[in-house]
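In the numbering used here, the protein residues as written are 467 to 678.
Glycine included, each C-beta is placed from N, C-alpha and C at the ideal position.
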């Protein structure tokens, strides 16, 4: 079973279990109803309460605008959803071979007026241990007396490739908070650098969603 199939199967199972579990224990449901029958009955009831002008395809077809990372509570789920959306948009792509990649843009959030063709723009990340050379688009040394520097807009997208990333890129971890633990780790992004990536590893360079 592919990763996409496993995800859809697990999601369907979770939905069924959640809907049945949130029912009041004294519910007047029919005796001996199967779980699927209960879910079907409840779903029909929910659909009947939708407004007449509800158009279910409008939201899925819309594109994500710039997202501030601190307002996104389920960051891992968000990245997974983005991979799935891109995979479904390309015939012949499989979720197993789709990986996350990124570019740091020169534009500010205010200069971006339209969403990307694919992927998502993210802003609100803070760089710890280094600075970002906006003009040349690469890592540079920290500015004296400046603890954190806000990274420009980050374009995160998915590509259909399992090939190793360029070894000259610095693999930069992203954490939710300044305290770096497995629990606050989210993912990694790839940043351009003139110096060896080892230089930034020794400096402990990372991106933070929140500096409080």
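Which term fits residue i, buried or exposed, when burial requires 16 or more other beta carbons within 10 angstroms of its beta carbon?
| i | result |
| --- | --- |
| residue 411 | Not covered by the structure: residue 411. The range shown for the chain is 467 to 678. |
| residue 512 | exposed |
| residue 641 | buried |
| residue 621 | buried |
| residue 612 | exposed |
| residue 549 | buried |
| residue 668 | exposed |
| residue 637 | exposed |
| residue 579 | exposed |
| residue 553 | buried |
| residue 516 | exposed |
Is the closest heavy atom of the ligand SAM to the C-beta of residue i under 7 angstroms?
| i | result |
| --- | --- |
| residue 548 | Absence of the ligand SAM is noted for the structure shown, with no ligands found whatsoever. |
If you follow the beta strand (DSSP E) that residue i is part of, which residue opens it and which one closes it?
| i | result |
| --- | --- |
| residue 621 | 620-626 |
| residue 604 | 604-606 |
| residue 616 | 614-616 |
What residues are listed by DSSP as bridge partners for residue i?
| i | result |
| --- | --- |
| residue 565 | 625 |
| residue 672 | 594 |
| residue 520 | Residue 520 is not bridged to any residue. |
| residue 632 | Residue 632 is not bridged to any residue. |
| residue 653 | 640 |
| residue 599 | 604 |
| residue 570 | 620 |
Could you work out which residue in the options is closest to residue i when comparing CA atoms only?
| i | options | result |
| --- | --- | --- |
| residue 560 | 667, 624 and 648 | 624 |
| residue 590 | 575, 668 and 582 | 575 |
| residue 605 | 631, 505 and 663 | 663 |
| residue 586 | 651, 636, 545 and 615 | 545 |
| residue 677 | 514, 515 and 650 | 650 |
| residue 666 | 631, 517, 564 and 598 | 598 |
| residue 593 | 564, 657, 629 and 579 | 657 |
| residue 601 | 579, 582 and 571 | 571 |
| residue 639 | 673, 615 and 647 | 673 |
| residue 632 | 584, 507, 655 and 616 | 655 |
| residue 568 | 557, 551 and 588 | 588 |
| residue 547 | 610, 647, 645 and 584 | 584 |
| residue 626 | 503, 514 and 562 | 562 |
| residue 614 | 644, 603 and 634 | 644 |
Report the CB separation of residue i from residue j in whole angstroms; it is logged as a contact under 8 angstroms.
| i | j | result |
| --- | --- | --- |
| residue 595 | residue 660 | Contact flag wrong, Cβ pair sits at about 16 angstroms. |
| residue 565 | residue 628 | 6 angstroms |
| residue 505 | residue 573 | In fact, because the Cβ distance is near 46 angstroms, the residues do not count as touching under 8 angstroms. |
Would you say residue i lies against chain C (beta-carbon separation less than 8 angstroms)?
| i | result |
| --- | --- |
| residue 570 | No chain C is part of this structure, which consists of one protein chain only. |
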